[in-house]
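Structure first, then comments.
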Amino acid sequence: MGITFALLFNTRVFGGLTFHELAGIAIGFAILTHIGLNLNFVKKITLRLFDKNLPSKTRLSYGLNVLLLLSMIFVIFSGLVISRVVLPNFQFGNERWFSVSHMSIAYLTLALIGIHVGLHWHWVIKVTKRLLHLKMSRTRARVLMTGAAVVVMLFGVYQVYATNYISRLQMVGNVFGLSTVAAEERGMERHDFGERAFMNNGSAPLDGTDMDEENGFGRRAMGFSRGEHEGGQAPNFIGVILTYFGIMAVFAGITYYADKWTGRRKRAISA
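Residues in the sequence shown are numbered consecutively from 1, following UniProt numbering.
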């Protein structure tokens with residue numbers, strides 16, 4: 001599901017908007033199925049949410065999962081509102097606002113997924129070892145994983161810079177900090193949101209947003225140059241996956257090491 005989600009950030013892979021919209025809906029069904037299969041566990045944690053004996057990490061993970069669920073629901077719903085393939089005639093509220101918020105919340109969701117992975121990193125490593133049948137000493141595994149983490153983190157930091165991800169993430173505050181009227185004043189039209197790429201290196205908004213250069217919420221404000229939305233050949237899907245997996249890895253790494261530092265600090269205090 002993570003690979004599919006990463007591919008949604010470029011609306012030109014695998015046939016364009018058709019794949020983009022259908023894959024987005026498929027992710028929605030996958031999320032509902034996942035919740036349904038773990039419904040008893042969710043109920044159990046919910047009932048114990050205010051229990052003092054419940055670990056703070058479990059409570060944090062619960063809150064993160066709720067936020068992640070809400071953001072995914074919003075991205076999927078807003079995607080249906082601005083749909084041009086599955087529901088081209090569906091209308092709800094201010095479509096121009098949904099177009100911008102769809103993109104901005106998608107970038108926020110990318111960070112939330114990274115944080116989620118970071119909180120469950122030990123489980124990820126355990127499953128990876130099992131799938132790859134890796135058998136090595138703890139010292140060797142630690143050195144190997146540390147080296148890999150450094151490489152991935154450096155690659156992810158570069159992708160954050162190359163895609164102007166921080167600026168895009170700040171769009172969340174702009175969308176919900178400004179009124180719908182302010183969004184209308186920026187002059188965004190439905191035809192601005194096409195099937196063209198957002199960046200030449202494979203990064204694109206989740207809805208393929210193509211904004212006018214003159215409006216303050218578009219390319220000029222985000223630091224994008226002329227021609228970044230130009231059409232052309234479909235991007236390499238592997239490049240798209242690596243780009244957004246790299247960005248998620250940054251948040252996962254920061255979360256993992258922050259959690260590790262917090263655990264050590266608690267043990268030192270209690271010792």
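C-beta atoms are modelled at their ideal positions from N, C-alpha and C, and glycine is treated no differently. Computed from a predicted model, the values in this text were never measured in an experiment.
Q) Along the chain, where does the alpha helix (DSSP H) that runs through GLN159 open and close? A) 138-162
Q: Give a yes or no on whether the C-beta atoms belonging to LEU68 and LEU112 are separated by under 8 Å.
A: yes
Q | Closest residue to ASP259 among THR33, ILE3, LEU39 and SER56 (Cα-Cα distance) | A | SER56
Q | 6 Å CB neighbourhood of LEU87 in its chain, flanking five on each side removed | A | LEU80
Q: Decide yes or no for the touch test of the stretch 9-27 against the stretch 113-132: beta carbon pairs closer than 8 Å, at least 3 of them.
A: no
**Q.** CB contact flag (ILE247, VAL160, <8 Å)
**A.** yes
**Q.** Simplified DSSP assignment, three categories, for ILE166
**A.** helix
Q.
Please identify the residue among THR33, PHE245 and LEU70 whose C-alpha is closest to the C-alpha of ILE3.
A. PHE245
Q. How is the alpha helix (DSSP H) around ILE105 delimited, first residue to last?
A. 95-119
Q: State whether the stretch 103-120 contacts the stretch 161-169, with contact taken as three or more CB pairs (one from each stretch) at a distance under 8 Å.
A: yes
Q) What are the start and end residues of the alpha helix (DSSP H) that includes residue 315? A) This structure cannot settle anything about residue 315, because the visible part of the chain is limited to 1 through 271.
Q) Straight-line CA distance for THR18 to LEU60? A) 36 Å
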